[in-house]
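Enquirer: Here it is: the structure, laid out below.
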Amino acid sequence: MRLFFKMVLVGAVAHLSSCSEHGGTVKDVNFYLSLKNAEGKNLLDSATDDYYVKDSIRLYRLADGVKTEIYHPTHDAQRNFVILKNVDDEYCMMVLADEGTGNQSQTTTTLIQWKLKDSNNVDTVQTYVYKKITDSSISIVLEKITYNGTVVWDSATDPAGANIGGVFYTRWVEIVK
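Numbering-wise, the sequence shown is residues 2 to 178 according to this note's numbering.
Right, here's the structure in full:
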């Protein structure tokens with residue numbers, strides 16, 4: 002729980018300090034995955050049979066047919082995700098979407114391999130990332146999430162996100178596996 006509040010605080014401070022009347026940077030590319038099995042049990046909770054172990058989850062960037070593992074050893078979220086508990090004390094996965102390359106808005110593809118040695122348990126996440134870059138400001142914002150071919154979140158239809166325990170989680174996606 003403490004990690005979640007630290008992340009919210011750091012995000013708020015970074016957002017407030019990066020924006021000003023004279024421009025700045027806004028980078029808002031994270032989304033939350035709630036993973037449940039068919040019985041409604043949380044697949045990120047070690048109390049659930051056959052749960053997903055954080056250290057066994059891998060994210061890959063897929064660009065131009067080339068699959069590249071995402072790993073940033075100096076980042077807090079080394080593999081572009083963090084497992085945390087929400088305010089209802091349930092585990093969820095905060096994922097940092099691939100923002101792509103260049104200055105153009107674009108759709109990027111991330112593969113999530115849920116178990117390190119199981120190449121059959123892989124999901125495809127496509128994210129549309131809006132980019133607006135001027136001389137005085139940069140905006141990079143996640144606007145749409147497609148999960149295994151189905152649009153699961155779109156800023157045009159769900160701008161507020163999910164209300165969980167009185168806290169709004171922007172880009173909250175619940176997946177049943």
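Note that the Cβ used here is the ideal one computed from N, Cα and C, for glycine as well.
With a floor of 3 residues, list each beta strand (DSSP E) that falls wholly inside the stretch 129 to 157, ordered by position along the chain.
Expert: 138 to 148 and 151 to 155
Enquirer: Starting from the Cα of residue 86, find the closest Cα among 177, 107, 47 and 123 and give me that residue.
Expert: Along the sequence shown, read from residue 1 onward, the residue named residue 86 stands at position 85. Checked all of 177, 107, 47 and 123; the closest Cα to residue 86 is 47.
Enquirer: Are there 16 or more other CB atoms within 10 angstroms of the CB of residue 205, so buried, or fewer, so exposed?
Expert: As displayed, the chain neither begins before 2 nor continues past 178, which places residue 205 out of reach and without an answer.
Enquirer: Specify whether the stretch 135 to 145 and the stretch 116 to 125 touch according to this definition: at least 3 beta carbon pairs, one from each stretch, less than 8 Å apart.
Expert: no
Enquirer: In its own chain, which residues sit with a C-beta less than 7 Å from the C-beta of residue 159, not counting the 5 before and 5 after it?
Expert: Within the sequence shown, numbered from 1, the residue matching residue 159 stands at position 158. Hits under 7 Å: none found.
Enquirer: Using the Cα positions of residue 26 and residue 50, report the straight-line distance between them to the nearest angstrom.
Expert: As a working mapping, residue 26 is identified with position 25 in the sequence shown. As a working mapping, residue 50 is identified with position 49 in the sequence shown. Roughly 43 Å between the two C-alpha positions.
Enquirer: For residue 170, list the residues DSSP reports as bridge partners.
Expert: The residue you call residue 170 lines up with position 169 of the sequence shown. Beta-bridge pairing links residue 170 to 163.
Enquirer: Less than 7 Å between the C-beta atoms of residue 80 and residue 72, yes or no?
Expert: Translated into positions along the sequence shown, residue 80 becomes position 79. Translated into positions along the sequence shown, residue 72 becomes position 71. Result yes, Cβ atoms of residue 80 and residue 72 sit closer than 7 Å.
Enquirer: Residue 147 and residue 98 look like a contact to me (Cβ under 8 Å); what is the Cβ gap, rounded to whole Å?
Expert: Along the sequence shown, one-based indexing puts residue 147 at 146. Along the sequence shown, one-based indexing puts residue 98 at 97. At roughly 11 Å, the Cβ-Cβ gap does not stay under 8 Å, so residue 147 and residue 98 are not in contact.
Enquirer: Looking only at its own chain, which residues have a Cβ that is under 7 Å from the Cβ of residue 178, when we skip the five neighbours before and after it?
Expert: For the purposes of this step, residue 178 is identified with residue 177 of the sequence shown, where counting begins at 1. Here the set comprises 36, 38 and 44.
Enquirer: Are there 16 or more other CB atoms within 10 angstroms of the CB of residue 167, so buried, or fewer, so exposed?
Expert: Residue numbering aside, residue 167 sits at position 166 when the sequence shown is read from its first letter. It is exposed - the Cβ of residue 167 has fewer than 16 other Cβ atoms within 10 Å.
Enquirer: Could you please give the first and the last residue of the uninterrupted beta strand (DSSP E) stretch that includes residue 80?
Expert: In the sequence shown, counting from the first residue as 1, residue 80 sits at position 79. Taken as a continuous stretch (DSSP letters only), residue 80 belongs to no beta strand (DSSP E), as it is neither H nor E.
Enquirer: Can you tell me whether residue 116 is helix, strand or coil according to DSSP?
Expert: Translated into the one-based positions of the sequence shown, residue 116 becomes position 115. Coil.
Enquirer: Count the other CB atoms, across all protein chains shown, that sit within 10 Å of the CB of residue 41; report buried if there are 16 or more and exposed otherwise.
Expert: Indexing the sequence shown from 1 puts residue 41 at position 40. Exposed is the call here.
Enquirer: Report the residue from 33, 140 and 108 whose alpha carbon sits nearest the alpha carbon of residue 64.
Expert: Translated into positions along the sequence shown, residue 64 becomes position 63. Residue 108 is the option with its Cα nearest to residue 64.
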